[in-house]
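No gaps in the numbering here: position 80 of the sequence shown is 80 in UniProt numbering, and each next residue is one more.
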Amino acid sequence: MTGELCPRIAILDADTANQIAAGEVVERPASVVKELVENSLDAAARHITIEVKGGGLTLIRVRDDGWGINREDAALAFARHATSKIRRAADLWGITTLGFRGEALPSIAAVARVEMDTRPPGETAGTRVRIAGGGEPEVTAIGCPPGTTVTVTDLFYNTPARRQYLKKPANEARAIVAAVEKLALAHPEVAFSLHLEGRRLLSTPGNGDLQAVVAALYGLETGRELLPLAGDGAGWTMKGFISPPWLHRAGRSQQVLTVNGRYIFNRVLTRAVEECYQAVIPSGRHPLFILQLAIDPRLVDVNVHPAKLEVRFQQEYELARQVAALVNRALHTPRAVTPVTAGRLEGRKATGPVALQQDFSFQRKEEEARFWGEYILRERPLAEEKRVDKVEEVQKVKPDKEIDARSDLKTEPVEAGGQVLPTLRAIGQLLNTYILAEGKDGLYIIDQHAAHERCRFESLQKRVNSGRWPAQMLEPPLTLHLAPAMTVKLIDQIVTLRELGFIVETFGTNSFLLRSVPLGVPQGKEREVLEDFLTGDNLPAGERLLKLIACHGAIKAGAPLSGAEMQKLLDELQGLSQPYTCPHGRPAVVHLDQATLARYFHRPLA
1 MTGELCPRIA ILDADTANQI AAGEVVERPA SVVKELVENS LDAAARHITI
51 EVKGGGLTLI RVRDDGWGIN REDAALAFAR HATSKIRRAA DLWGITTLGF
101 RGEALPSIAA VARVEMDTRP PGETAGTRVR IAGGGEPEVT AIGCPPGTTV
151 TVTDLFYNTP ARRQYLKKPA NEARAIVAAV EKLALAHPEV AFSLHLEGRR
201 LLSTPGNGDL QAVVAALYGL ETGRELLPLA GDGAGWTMKG FISPPWLHRA
251 GRSQQVLTVN GRYIFNRVLT RAVEECYQAV IPSGRHPLFI LQLAIDPRLV
301 DVNVHPAKLE VRFQQEYELA RQVAALVNRA LHTPRAVTPV TAGRLEGRKA
351 TGPVALQQDF SFQRKEEEAR FWGEYILRER PLAEEKRVDK VEEVQKVKPD
401 KEIDARSDLK TEPVEAGGQV LPTLRAIGQL LNTYILAEGK DGLYIIDQHA
451 AHERCRFESL QKRVNSGRWP AQMLEPPLTL HLAPAMTVKL IDQIVTLREL
501 GFIVETFGTN SFLLRSVPLG VPQGKEREVL EDFLTGDNLP AGERLLKLIA
551 CHGAIKAGAP LSGAEMQKLL DELQGLSQPY TCPHGRPAVV HLDQATLARY
601 FHRPLA
């Protein structure tokens, strides 16, 4: 390439450089709120009020009662890499503040119109700084209360390309609420108040009681159910709360991990906590936890992510192992199995073929409680959770007049939707989770929950027409207290919910009355189905709801079944269009043919 064709190197102008840097720090309105609130926390604020309009694009205002900023430093706060929190590179290895790079305010001012009013408590007059689009700051003297108020308007007004890639205002507002929730849980000593479109959506007491903050955000019932956790190690301490086995969610939005007051995401620690629940909660569900880790700043590097959401620990896997031990210890406390031991559980009544035809839901809440309790009380360490120490005896099914020992095996396979599932005969149940069945071409192992979920899904599909969903009224109505982020989702989807059969009425701040649910929602699962629907994936609403109803009404892993129940489930499975997977795509049937079995046992093929 000749010199004439080579592109020349040039230094970018300040405006372009500022917008590039802003793209790393200010990804969306929630990023602005997070950065401003962290500045307030670093200024030792004890009361923080956030106002949001238009999903944060129209208005974001953060008001605090912290230290404030001196007149001579107010304009300097908007200069890039100007900070009061570090002085030299060595300070990066012992950071004790949430912010430290000096990028937040200049990055926000580069893509919005910003006004900051500030006054230290010891001064008689305050200072107002106005700046727009990264221009020169305008400084004036004003009267204002002690602390700092930052008002951000017209976010991304000068970068329309960035603005068009944002989600709709309701989704951006939901991200803001989720960020404030995590900040409030990370700092229970600070009173937070969040107002969305003029309506107070979130308020915490600021008395230092983490459980009180959990109750304010997630509801009093959830706050009472959580299990306390505390422990320490070399250079670190941890405290917080985890959910008991019977309290779980479809997503991870209520999993909060903080490090030295900074909420983060860490796959290793999160996986370590979830591993402890693997054997005691259903597949696809996730525990709740709010864990606060205080660690020697020299043992953690927070300068590895533009938004400071990821950190790097020294000896991360050893830390994860010790955190898992704390979680296991909390799960083995008497309180963790209170629902199992609180009352006498009646024995499960035998269910005959006639009863099965009337009700095939297999919902046995007491059996689920017993199943959880049995696993918890074994007190097995984390590393042994996946190992089966004792092979349970397979329950043999006694042949009766309806199920002959061999006659069913001579029936031709059933073809449904291009897939072939032969006629099967139940021969037993393994671990109260898998049905063992014999077919003419070998052994079939069926996951009872996945199989029944598929049966319910296709049955519900046939009952739902293209019009409005049939609904069932609740008498009395169910009172719900939702997390603030969940409230935003519900309000955004209120029309869709009504079309699907959910009738919800406002009953106070973040509280609602659920008056009806779609037909087919199992009794006692109304709240779970609604919350899982709101936190679900991006599937069409109708399909998402069908899958949730099918899942919540399906037999659970750990539920013992009679021979007639197992055979009934196999018979229904054979007539389905997709018998080999559950509606979510998880395998429901595993087949070991005769050739495979013969190879395992070194036998010649017959």
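Quick reminder that beta carbons are idealized off the backbone N, C-alpha and C, glycines included.
Where does the unbroken beta strand (DSSP E) through residue 619 begin, and where does it stop?
Any answer about residue 619 is impossible in this case: the structure gives the chain only from 1 up to 606.
For ALA30, the nearest candidate out of LEU194, HIS248, ASP42 and SER283 (CA to CA)
Along the sequence shown, one-based indexing puts residue 30 at 30. Looking from the CA of ALA30, the closest CA among LEU194, HIS248, ASP42 and SER283 belongs to LEU194.
In the DSSP assignment, find the unbroken alpha helix (DSSP H) run with PHE457 in it and report its ends.
The residue you call residue 457 lines up with position 457 of the sequence shown. Note, PHE457: alpha helix (DSSP H), 448-463.
Please confirm whether ALA141 and THR127 have their CB atoms less than 8 Å apart.
To locate residue 141, count along the sequence shown from 1; it is residue 141. To locate residue 127, count along the sequence shown from 1; it is residue 127. Cβ atoms of ALA141 and THR127: closer than 8 Å.
With distances taken from CA atoms, which of THR509, GLU475, ALA483 and GLY261 is nearest ILE503?
Counting from 1 along the sequence shown, the entry for residue 503 is found at position 503. Minimum Cα distance to ILE503 is reached at GLU475.
Would you tell me roughly how many angstroms separate the C-alpha atoms of ASP65 and PRO146, rounded to the nearest one?
Numbered from its first residue, the sequence shown carries residue 65 at position 65. Numbered from its first residue, the sequence shown carries residue 146 at position 146. Each residue's alpha carbon lies about 6 Å from the other.
Under 8 Å, do VAL139 and ALA79 count as touching if we go by C-beta distance?
For the purposes of this step, residue 139 is identified with residue 139 of the sequence shown, where counting begins at 1. For the purposes of this step, residue 79 is identified with residue 79 of the sequence shown, where counting begins at 1. For the 8 Å CB-CB criterion, VAL139 and ALA79 do not form a contact.
Going by C-alpha to C-alpha distance, which of GLN574, ALA191 and PRO522 sits closest to ALA554?
In the sequence shown, the residue the question calls residue 554 occupies position 554. With respect to the C-alpha of ALA554, the residue from GLN574, ALA191 and PRO522 having the closest C-alpha is PRO522.
Starting from PRO60, follow the beta strand (DSSP E) in both directions and report where the run begins and ends.
To locate residue 60, count along the sequence shown from 1; it is residue 60. According to the sequence as given, residue 60 is Ile; it is not Pro. Judged by DSSP secondary structure, ILE60 falls within the beta strand (DSSP E) whose first and last residues are 59-64.
DSSP beta-bridge partners for PRO518?
As a working note, residue 518 is residue 518 in the sequence shown. Partner residues in the beta bridge of PRO518, as assigned by DSSP, are ALA471.
For ALA44, does the count of other Cβ atoms within 10 angstroms reach 16, so buried, or fall short, so exposed?
For this step, residue 44 is matched to residue 44 along the sequence shown. Exposed: under 16 other Cβ atoms inside 10 Å.
Go through its chain and collect everything with a Cβ distance to THR535's Cβ below 8 Å, but skip five positions before and after it.
Start at 1 with the first residue of the sequence shown, and residue 535 comes out as number 535. Cβ-Cβ distances below 8 Å link THR535 to ARG249, ALA250, GLY251, SER253, MET486 and LYS489 in the same chain, with the five nearest sequence neighbours on each side left out; the list follows chain order.
Considering only residues of the same chain and omitting the five flanking positions on each side of LEU201, which have a CB-CB separation below 6 Å?
By 1-based counting over the sequence shown, the position of residue 201 is 201. Excluding positions up to five away in sequence, the list reads LEU194 and PRO484.
Of the listed residues ASP232, LEU210 and LEU229, nearest to GLY223 (C-alpha basis):
As a working mapping, residue 223 is identified with position 223 in the sequence shown. Nearest Cα to GLY223 within the set ASP232, LEU210 and LEU229: LEU210.
Can you say whether GLN567 is buried or exposed, counting buried as having 16 or more other CB atoms within 10 angstroms of its CB?
Mapped onto the sequence shown, residue 567 falls at position 567. Buried, since its Cβ has 16 or more Cβ neighbours within 10 Å.
C-beta atoms of LEU480 and PHE512 nearer than 8 Å
Along the sequence shown, read from residue 1 onward, the residue named residue 480 stands at position 480. Along the sequence shown, read from residue 1 onward, the residue named residue 512 stands at position 512. Going by C-beta atoms, LEU480 is nearer than 8 Å to PHE512.
Mark residue 649 as exposed unless 16 or more other C-beta atoms lie within 10 angstroms of its C-beta, in which case mark it buried.
With the chain represented from 1 up to 606, any question about residue 649 goes unanswered, as that position is not in the structure.
State the Cα-Cα distance for the pair ARG46 and LEU291, rounded to the nearest angstrom.
In the sequence shown, residue 46 corresponds to position 46, counting from 1. In the sequence shown, residue 291 corresponds to position 291, counting from 1. It is roughly 21 Å from the alpha-carbon of ARG46 to the alpha-carbon of LEU291.
On the DSSP letters alone, give me the boundaries of the alpha helix (DSSP H) that PRO169 sits inside.
Within the sequence shown, the letter at position 169 stands for residue 169. 169-186 is the span of the alpha helix (DSSP H), which, as asked, contains PRO169.
On the DSSP bridge assignment, give the partners of TRP236 in chain order.
Taking the sequence shown and counting its residues from 1, the one referred to as residue 236 is at position 236. As computed with DSSP, TRP236 is found in a beta bridge with GLY233 and ILE295.
Cβ-based neighbour list, PRO244, same chain, cut-off 7 Å, excluding 5 preceding and 5 following
Here residue 244 is taken as the residue at index 244 of the sequence shown, counted from 1. A distance below 7 Å between beta-carbons, with the five flanking residues on each side excluded, links PRO244 to the following residues of its chain, in chain order: GLU225, LEU227 and ALA336.
Please determine if the stretch 561-575 and the stretch 282-299 are in contact, where contact requires at least 3 C-beta pairs separated by less than 8 Å.
The stretch 282-299 and the stretch 561-575 do not touch, with fewer than three beta-carbon pairs separated by less than 8 Å.
Inter-residue spacing [alpha-carbon to alpha-carbon] between ASP404 and VAL273:
For the purposes of this step, residue 404 is identified with residue 404 of the sequence shown, where counting begins at 1. For the purposes of this step, residue 273 is identified with residue 273 of the sequence shown, where counting begins at 1. Any reading at ASP404 must be qualified, since the residue scores a pLDDT of 35, below 50, and its modelled position is unreliable; the value itself is stated next. One C-alpha to the other measures close to 48 Å.
Distance check for GLY261 and ALA173, CA to CA, integer angstroms please.
Looking up residue 173 in the sequence shown gives position 173. Looking up residue 261 in the sequence shown gives position 261. Straight across, the Cα-Cα distance linking ALA173 with GLY261 is about 23 Å.
Can you have a look at GLY585 and say buried or exposed, based on whether 16 or more other CB atoms are within 10 angstroms of its CB?
In the sequence shown, counting from the first residue as 1, residue 585 sits at position 585. Classification of GLY585: exposed, given that the 10 Å Cβ count is below 16.
Buried or exposed for THR596, going by 16 or more other Cβ atoms inside 10 Å?
Here residue 596 is taken as the residue at index 596 of the sequence shown, counted from 1. Label assigned to THR596: exposed.
Measuring only the C-alpha atoms, how far is LEU436 from LYS525?
In the sequence shown, counting from the first residue as 1, residue 436 sits at position 436. In the sequence shown, counting from the first residue as 1, residue 525 sits at position 525. Taking the straight line from one Cα to the other gives about 29 Å.
Secondary structure at GLN255, three-state DSSP: helix, strand or coil?
Counting from 1 along the sequence shown, the entry for residue 255 is found at position 255. In the three-state scheme derived from DSSP, where H, G and I count as helix and E and B as strand, GLN255 is classed as strand.
Alpha carbon to alpha carbon, how far is HIS552 from ALA541? Give it in angstroms, no decimals.
The residue given as residue 541 occupies position 541 in the sequence shown. The residue given as residue 552 occupies position 552 in the sequence shown. In this structure, the straight-line span from the alpha carbon of ALA541 to that of HIS552 is close to 16 Å.
Would you please verify whether the beta carbon of ARG63 is less than 8 Å from any beta carbon of chain B?
Absence of chain B from the displayed structure is noted, only one protein chain being present.
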